[in-house]
Amino acid sequence: MTGALAATLWQAPAPISFAAAERVRLRAHFDSVERELRARDMQGLTPAQRAARARLLGILHNYQVRGVFPRNTDFPDRDMPVFIDWAGTRCGFAYLIEQTGHEDLVLRIAATRNNARAPELKDDPEVGRWLAENGITLAEATRIQPTYGCGSPRGDCAVAGAVFPASEGYKVATGVTVATNVTPSRSMSSTQASRVRPAGSLLWVQERSASSPGPRTWAPSG
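Per this note's numbering, the sequence shown starts with residue 6, numbered consecutively.
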């Protein structure tokens, strides 16, 4: 086989985007966590805690299968936990809390400590009660919660020059779509608000320039 023919027959595999690679990584993470938690000894749990834990792991499984995860656009130079991203997508830990009827707790944490790691929430009484009620230890919550990347130190999460869109959309238990295919424009002002939730809920308000990455804050939408 000549070199020219071999070059014709062989083609380099198409590069995988950061967004696609991140989705693969996170699905593998949550799949591994679910397996670990299902294999744990539950002898010390009450029947109510065992039932709640089983229900929670079912929710975690659905979250992993659905594969819609937050993106860290606030700290593009490092991987960080993100409780709720700018498009309204919940992290795995936040999703579990919300789907068990505690959306108010999720929104409070997002408003005050959106990039906190699970151990940093150990002194929060509501978090402690939620963990106890669902038969989950703080160490297990820490294992559930990954960090999230961006893919570009420029802050636009670009891959090969193309800015990938925000979350495809996230629906809470009520069925309300939080955001759908929203891509931030480079021409937007330094104070930005995403189209997130109806009046009475929260939305992102970003008080920073593109050259100064940092956490976003939540503010009431009405």
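Idealized CB from N, CA, C, for every residue including glycine.
None of these values were measured; they are calculated from a predicted model.
Ignore the nearest five residues each way along the sequence and tell me which others in E131's own chain have a CB closer than 6 angstroms to its CB.
The beta carbon of E131 sits closer than 6 angstroms to the beta carbons of L110 from its chain, once the five residues preceding and following it are set aside; these are given in chain order.
Margin query: Quick check on the DSSP output: the alpha helix (DSSP H) that includes F23 runs from which residue to which?
Written below: Bounds of the alpha helix (DSSP H) holding F23 are F23 to R43.
Please list, in chain order, all residues of the same chain as Y68 whose beta carbon is under 8 angstroms from its beta carbon, the five residues on each side excluded. The answer, listed in chain order, is F35, G97, Y100 and L101.
- Please name the residue, chosen from P86, E39, S22 and L65, that lies closest to E125 on a Cα-to-Cα basis. Considering only alpha carbons, the answer is P86.
Can at least three beta-carbon pairs, one atom from the stretch 41-50 and one from the stretch 112-126, be found at a separation below 8 angstroms? As far as the Cβ criterion goes, the stretch 41-50 does not touch the stretch 112-126, which means the pair count is below three.
Q) Assuming T94 and P81 make a contact with CB atoms under 8 angstroms, what is their CB distance in whole Å? A) Between P81 and T94 the Cβ distance is about 17 angstroms, and since that is not below 8 angstroms, they are no contact.
Practice problem: Take the Cβ of V201 as the centre, count every other Cβ of all protein chains shown within 10 Å, and call the residue buried at 16 or more, exposed below. | Solution: Because the pLDDT at V201 is just 33, under 50, the model does not fix this residue reliably, and the point stays unresolved.
R40, buried or exposed, once every other Cβ within 10 Å from all chains shown has been counted against 16: Under a 10 Å Cβ-count criterion, R40 is classified as exposed, with fewer than 16 other Cβ atoms of the shown protein chains found around its own Cβ.
ask   = If you draw a straight line from the C-alpha of V73 to the C-alpha of D84, how long is it?
value = Between the C-alpha atoms of V73 and D84 there is a straight-line separation of about 17 angstroms.
| Where does I64 sit, in a helix, a strand or coil, going by DSSP? | Looking at I64 - three-state DSSP - the assignment turns out to be helix.
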